[in-house]
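Everything below concerns the one structure shown next.
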Ligand SMILES: [Zn+2]
Ligand SMILES: [Zn+2]
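Numbering (the numbering used here), first residue to last: 8 to 262.
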């Protein structure tokens with residue numbers, strides 16, 4: 008399973024995941040032209056290597072390049088709630104993530120089985136995704152969320168983790184943001200994950216069998232690579248796990 012982080016951070020998020028002949032995007036948060044350039048630079052052919060786009064939520068940094076889907080005629084998947092705030096996608100390309108007894112139905116695209124799950128953020132119906140391929144790989148993508156609950160942990164478990172580490176608690180507290188914004192970011196129901204929250208979740212998930220971790224969506228104001236990396240490495244070190252020996256971690260900024 009090949010993961011390409013085309014963009015991440017508050018200026019835009021977009022990930023390409025490929026396995027065999029199946030490729031998907033999770034989010035399309037840079038303008039279309041910019042996304043096309045990034046795809047080209049990474050050798051990804053927009054008309055062949057993207058069978059679907061999966062949207063986590065309708066904030067601009069996750070959807071502003073969705074005209075890409077229109078241009079290349081790619082189906083776009085999002086929840087009922089998030090579609091209420093997403094425009095500019097042709098009716099025939101709008102795919103709704105359905106639920107049965109409160110759980111999202113899996114979606115099958117080529118070699119992938121995709122499992123959406125509920126996250127906690129100030130959007131109408133935001134989700135994360137677990138993506139399984141036919142070779143036994145399982146990647147999860149968890150962007151904006153104020154917490155990682157037990158239901159999420161259960162679905163996230165796999166061998167590839169693409170998770171936000173949005174802010175360092177101290178940097179946010181001491182930083183320039185208005186009080187209401189700080190409160191929103193910290194909120195477990197509407198906010199983002201701190202480095203410590205991400206580290207605590209990964210401490211529960213990582214077993215040390217060579218998992219790949221991508222820390223993403225770092226705030227450029229309230230976080231930096233060193234702090235995010237250190238928080239996770241320390242949490243995993245408590246379990247006796249070392250980076251580049253038991254797991255492989257990359258902190259991705261901008262991309
Ligand atoms: Zn958001
Ligand atoms: Zn975001």
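Idealized CB from N, CA, C, for every residue including glycine.
These numbers were taken from a predicted model, which means no experiment stands behind them.
8 Å contact criterion, which residue 174 and residue 226 should meet: CB distance rounded:
Indeed, because the Cβ distance is near 5 Å, the residues count as touching under 8 Å.
Relative to the C-alpha of residue 109, which candidate in 75, 9, 87, 248 has its C-alpha closest?
Measuring from the Cα of residue 109, the nearest candidate turns out to be 87.
Residue of 119, 113, 123, 61 minimising C-alpha distance to residue 101
Residue 61 holds the alpha-carbon nearest to the alpha-carbon of residue 101 among 119, 113, 123, 61.
Closest residue to residue 253 among 233, 219, 235, 236 (Cα-Cα distance)
Nearest option by C-alpha distance: 219.
Roughly how many whole angstroms lie between the Cα atoms of residue 49 and residue 262?
Rounded to the nearest angstrom, the two C-alpha atoms are 11 Å apart.
For a test of the three-state rule: what should DSSP assign to residue 139, helix, strand or coil?
DSSP places residue 139 in the strand class (E or B) of the three-state scheme.
Rounded to the nearest angstrom, what separates residue 221 and residue 257 at their Cα positions?
Each residue's Cα considered, the two are about 5 Å apart.
Confirm the yes/no value for this check: CB of residue 34, any heavy atom of ligand 2, distance under 6 Å.
No, the Cβ of residue 34 stays beyond 6 Å of every heavy atom of ligand 2.
Just the Cα atoms here: how many angstroms apart are residue 104 and residue 191?
Distance between the alpha carbons of residue 104 and residue 191: 27 Å.
Which ranges does the beta strand (DSSP E) cover as unbroken runs of at least 3 residues, wholly within the region 171–234, from first to last along the chain?
Listed in chain order, they are 218–223.
In chain order, what residues place their C-beta within less than 7 Å of a heavy atom belonging to ligand 4?
Annotation note on ligand 4: not contained in the displayed structure, which lists ligand 1 and ligand 2 as its ligands.
Could you check the C-alpha separation between residue 83 and residue 59 for me, to the nearest Å?
Whole-angstrom Cα-Cα distance: 6 Å.
Would you be able to state if there are at least three C-beta pairs under 8 Å between the region 206–214 and the region 231–247?
In short, these stretches touch, since the Cβ pair count reaches three.
Going by other Cβ atoms of all chains shown within 10 Å of its Cβ, with 16 needed for buried, is residue 255 buried or exposed?
Residue 255 sits exposed, since fewer than 16 C-beta atoms from the chains shown fall within 10 Å of its C-beta.
Can you give me the C-alpha to C-alpha distance between residue 197 and residue 36, rounded to a whole angstrom?
Going by the C-alpha atoms only, they are around 19 Å apart.
Is the beta carbon of residue 32 sitting closer than 7 Å to the one on residue 70?
When the beta-carbon positions are compared, residue 32 and residue 70 stay at least 7 Å from each other.
Which listed residue (47, 151, 164) has its alpha carbon closest to that of residue 194
The candidate whose alpha carbon is nearest that of residue 194 is 151.
Of the choices 170, 139, 239, 118, whose alpha-carbon is the least far from that of residue 27?
Just measuring C-alpha positions, the residue of 170, 139, 239, 118 sitting nearest residue 27 is 118.
On a Cα-Cα basis, can you pick out the residue from 223, 75, 214 that is closest to residue 250?
Per the Cα distances, 214.
What are the residues that DSSP puts in a beta bridge with residue 123?
Paired residues: 136.
Thinking C-alpha only, which one of 95, 114, 126, 8 is nearest residue 63?
Of the candidates 95, 114, 126, 8, the one whose C-alpha sits nearest the C-alpha of residue 63 is 126.
Nearest candidate by alpha-carbon position, reference residue 223, set 111, 217, 79, 236:
236 is the residue among 111, 217, 79, 236 whose C-alpha sits nearest the C-alpha of residue 223.
Report all residues from its chain with a CB closer than 6 Å to the CB of residue 5; omit the five preceding and five following residues, and keep chain order.
The shown model of the chain, from 8 to 262, leaves out residue 5, and the question about it has no answer.
Of all the alpha helix (DSSP H) runs that stay within the bounds of the region 72–99, which reach a length of 4 or more residues?
Segments of the alpha helix (DSSP H) lying fully in the region 72–99: 74–79, 87–90.
Could you check if residue 68 is buried or exposed, using at least 16 other CB atoms within 10 Å of its CB as the buried criterion?
Buried.
List the DSSP bridge partners of residue 59.
In DSSP, residue 59 forms a bridge with 31.
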